[in-house]
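In terms of my numbering, the sequence shown opens at residue 169 and continues consecutively.
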Amino acid sequence: MKVGVDSVVLGAWTNAEKVKSILDIGTGTGLLSLMLAQKTKAEIIAIEIDAESYHQAVENVASSKWKTRIDVIHSTFQEFARDTKSRFDLIICNPPYFVNSLKSPEQNRNTARHDNHLNLDELFFGSKRVLSETGSLNLIYPYGQKANLINIAEKYGFYPVKFLVIRGNKNKEPNRIIIEFSFDEAKVNTEELCIRDLENNYTKEYKELTKDYYL
């Protein structure tokens, strides 16, 4: 599977400075876990349901210099959240968000993009079980579904702390939003990021945010 801009921005924007334990839900090829391992000293558990993606993540982690701090697990998040005794300082997830939409013939793409295997209620229910009291949950989601995302989060005691509103360029409507959730209600800090300029080049803001992850 290709490296997507969504995950790159989510991993680069996430503040994990003082985090000691991280859970990466739906790690795919391990990108977010590797990004966070690069900028923290945290122990990381990466969960992946799709067998092909799981094996790719295992291979990618094993080839990295952070392999001793990342544990890739082949499991559903529902099963993991039910069975684990661990609590995490940070949960990060680029969740599936297509509902009742046309599916790809590639099963691993369906698993990654459609919410049949992990809907928002299941995501927040499980996260409430495994997130530490002072921890944070960071998600990227379609901007147009922001209200629904926040409403479901609040059912499980999660409240937004920070927003990153993402536009393709300044002339386009926002298409993604990253939200940092916690268990404490607070005034929400909002930032904005344009990915490309009007000449279709990456903006200096995007390059500055992601500079540690590109050669």
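Each residue gets a CB set at the ideal place from its N, CA and C atoms; glycine is no exception.
**Prompt:** Closest to Phe359 by CA distance: which of Val226, Tyr222, Leu332 and Asn287 is it?
**Reply:** Reading the sequence shown from its first residue, position 191 is the one you call residue 359. Sequence check: residue 359 is Glu here, not Phe. Looking only at Val226, Tyr222, Leu332 and Asn287, the smallest Cα-Cα distance to Glu359 is reached by Leu332.
**Item:** Cβ distance (whole Å) where Val229 is taken to contact Gly194 below 8 Å
**Value:** As a working mapping, residue 229 is identified with position 61 in the sequence shown. As a working mapping, residue 194 is identified with position 26 in the sequence shown. Not confirmed; about 15 Å, so no contact.
**Asked** Considering Ser201, what are the terminal residues of the alpha helix (DSSP H) in which it resides?
**Response** Here residue 201 refers to the residue found at position 33 when the sequence shown is read from its first residue. Residue range Leu199 to Lys207 is occupied by the alpha helix (DSSP H) that includes Ser201.
**Item:** Reference Asp257; option with closest CA among Gly196, Glu290, Leu191 and Leu204
**Value:** Against the sequence shown, residue 257 aligns to sequence position 89. Ranking Gly196, Glu290, Leu191 and Leu204 by CA distance to the CA of Asp257 puts Leu191 first.
**Asked** How about the region 210 to 222 and the region 365 to 377: do they share at least three Cβ pairs that are nearer than 8 Å?
**Response** Contact between the region 210 to 222 and the region 365 to 377 is absent: fewer than 3 CB-CB pairs across the two stretches fall below 8 Å.
**Asked** Is it true that the CB of Ile347 sits closer than 8 Å to the CB of Val173?
**Response** For the purposes of this step, residue 173 is taken as the residue at position 5 of the sequence shown. For the purposes of this step, residue 347 is taken as the residue at position 179 of the sequence shown. Taking C-beta atoms as the reference points, Val173 and Ile347 fail to come closer than 8 Å.
**Prompt:** Near Ser350, what residues of its chain come up, given a Cβ to Cβ distance below 8 Å and the 5 sequence neighbours on each side ignored?
**Reply:** As a working mapping, residue 350 is identified with position 182 in the sequence shown. Cβ contact annotation for Ser350 (same chain, cutoff 8 Å, sequence separation greater than five): Thr302, Gly303, Ser304, Leu305, Phe326, Tyr327 and Val329, in chain order.
**Asked** In angstroms, rounded to a whole number, what distance separates the CA positions of Leu307 and Leu178?
**Response** Looking up residue 307 in the sequence shown gives position 139. Looking up residue 178 in the sequence shown gives position 10. Between the alpha carbons of Leu307 and Leu178 lies a gap of roughly 7 Å.
**Asked** Between Ala205, Leu299, Gln224 and Tyr311, which lies nearest to Thr236 when the distance is taken from Cα to Cα?
**Response** Walking along the sequence shown from the start, residue 236 turns up at place 68. Minimum Cα distance to Thr236 is reached at Ala205.
**Message:** Helix, strand or coil, according to DSSP, for Gly312 in the structure here?
**Reply:** One-based indexing of the sequence shown puts residue 312 at position 144. It is helical.
**Message:** Strictly by DSSP, which residues pair up with Lys235?
**Reply:** Here residue 235 refers to the residue found at position 67 of the sequence shown. Residue pairing by DSSP leaves Lys235 without any beta bridge partner.
**Asked** Among residues of its own chain, excluding the 5 on either side of Ile215, which ones have a beta-carbon nearer than 6 Å to its beta-carbon?
**Response** The count along the sequence shown starts at 1 and reaches residue 215 at position 47. Once the five neighbours on either side are set aside, the close Cβ partners of Ile215 are Ile193, Ile241, Ser243, Phe245 and Phe248.
**Prompt:** Which residue's Cα is closest to the Cα of Lys149: Asn343, Glu341, Ser295 and Gly336?
**Reply:** Nothing about residue 149 can be read from this structure; the chain reaches only from 169 to 383.
**Message:** Can you tell me where the alpha helix (DSSP H) holding Asp192 begins and where it ends?
**Reply:** Sequence index remark: in the sequence shown, residue 192 carries index 24 (1-based). Counting along the chain, Asp192 falls outside any alpha helix (DSSP H), though it belongs to the beta strand (DSSP E) covering Ser189 to Ile193.
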